[in-house]
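Chemist: After the structure tokens below, expect a handful of questions from me.
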Amino acid sequence: MADHYTHFSCILDVGSAENAARAEEIRDELAAELYREEGGYPGFQMEVDHEYNPGALWIYSDDYGEPGHVIAFVRRCAEALDLQGVWGFTWCLSGSRPRVDSFGGGAHVIDLGQRKTIAWVDCNDFVSEQTTANRSSHEATT
Numbered sequence: 270m271a272d273h274y275t276h277f278s279c280i281l282d283v284g285s286a287e288n289a290a291r292a293e294e295i296r297d298e299l300a301a302e303l304y305r306e307e308g309g310y311p312g313f314q315m316e317v318d319h320e321y322n323p324g325a326l327w328i329y330s331d332d333y334g335e336p337g338h339v340i341a342f343v344r345r346c347a348e349a350l351d352l353q354g355v356w357g358f359t360w361c362l363s364g365s366r367p368r369v370d371s372f373g374g375g376a377h378v379i380d381l382g383q384r385k386t387i388a389w390v391d392c393n394d395f396v397s398e399q400t401t402a403n404r405s406s407h408e409a410t411t
């Protein structure tokens, strides 16, 4: 049996050490909510990256990341800290053994000021959509 992994590593700059401290509180609040509702914890780790910037949050996963939890966390930080600009991250899906459809990844981009998604992509969905669309157009011309 193969193990499946979701990996990511990104920086969210919240501007200051004070905001980074508040972001840690927001992560704790999210963790408590996830535990109450799903019996789980956030699917990401977070550290303040002082070498990069006192307000830089390094968000990452070791093996079993949850991109949806990262997106929820970033939106909450954007709201609570009045973050502006555009932010995004990517993730990869891999496995301990080669299996069909067990590799891929995705990306998500958020307008922090509007607190909404600008764009996202899931690699497996993209391939499926493109092969279906192009198969239909190819069959129509042959």
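Note that the sequence shown covers residues 270 to 411 in our numbering.
Glycine included, every Cβ here is placed at the ideal spot set by N, Cα and C.
Buried or exposed: which applies to Ala-296, given that a residue is buried once 16 or more other Cβ atoms fall within 10 Å of its Cβ?
Modeler: To locate residue 296, count along the sequence shown from 1; it is residue 27. The sequence shown places Arg at residue 296, rather than the Ala named in the question. Buried, since its Cβ has 16 or more Cβ neighbours within 10 Å.
Chemist: Report the three-state DSSP secondary structure of Ala-349 (helix, strand or coil).
Modeler: For the purposes of this step, residue 349 is taken as the residue at position 80 of the sequence shown. Three-state DSSP puts Ala-349 in a helix.
Chemist: Which class does Tyr-333 belong to by DSSP, given the choice of helix, strand or coil?
Modeler: If you number the sequence shown from 1, residue 333 lands on position 64. DSSP places Tyr-333 in strand when its eight states are reduced to three.
Chemist: Mapping DSSP to helix, strand and coil, what is Ser-365?
Modeler: Within the sequence shown, numbered from 1, the residue matching residue 365 stands at position 96. Correct three-state label for Ser-365: coil.
Chemist: Three Cβ pairs or more, each shorter than 8 Å: is that satisfied between the stretch 340–349 and the stretch 360–367?
Modeler: no
Chemist: Between His-319, Gly-374, Leu-299, Ser-278, which has its C-alpha nearest Gly-308's C-alpha?
Modeler: Numbered from its first residue, the sequence shown carries residue 308 at position 39. Measuring from the Cα of Gly-308, the nearest candidate turns out to be Leu-299.
Chemist: Out of curiosity, what's the CA-to-CA distance linking Ser-397 and Leu-352?
Modeler: Taking the sequence shown and counting its residues from 1, one reaches residue 397 at position 128. Taking the sequence shown and counting its residues from 1, one reaches residue 352 at position 83. In a straight line, the C-alpha of Ser-397 is about 35 Å away from that of Leu-352.
Chemist: Under a Cβ-count criterion, where at least 16 other Cβ atoms within 10 Å of its own Cβ denotes burial, should Thr-401 be classed as buried or exposed?
Modeler: Counted from its first residue, the sequence shown places residue 401 at position 132. Under this definition Thr-401 is an exposed residue.
Chemist: With which residues is Asp-391 paired in a DSSP beta bridge?
Modeler: As a working mapping, residue 391 is identified with position 122 in the sequence shown. Asp-391 pairs with Gly-375.
Chemist: Would you kindly work out how many angstroms separate the C-alpha atoms of Ala-292 and Gly-324, rounded to a whole number?
Modeler: In the sequence shown, counting from the first residue as 1, residue 292 sits at position 23. In the sequence shown, counting from the first residue as 1, residue 324 sits at position 55. One alpha carbon belongs to Ala-292, the other to Gly-324, and they sit about 9 Å apart.
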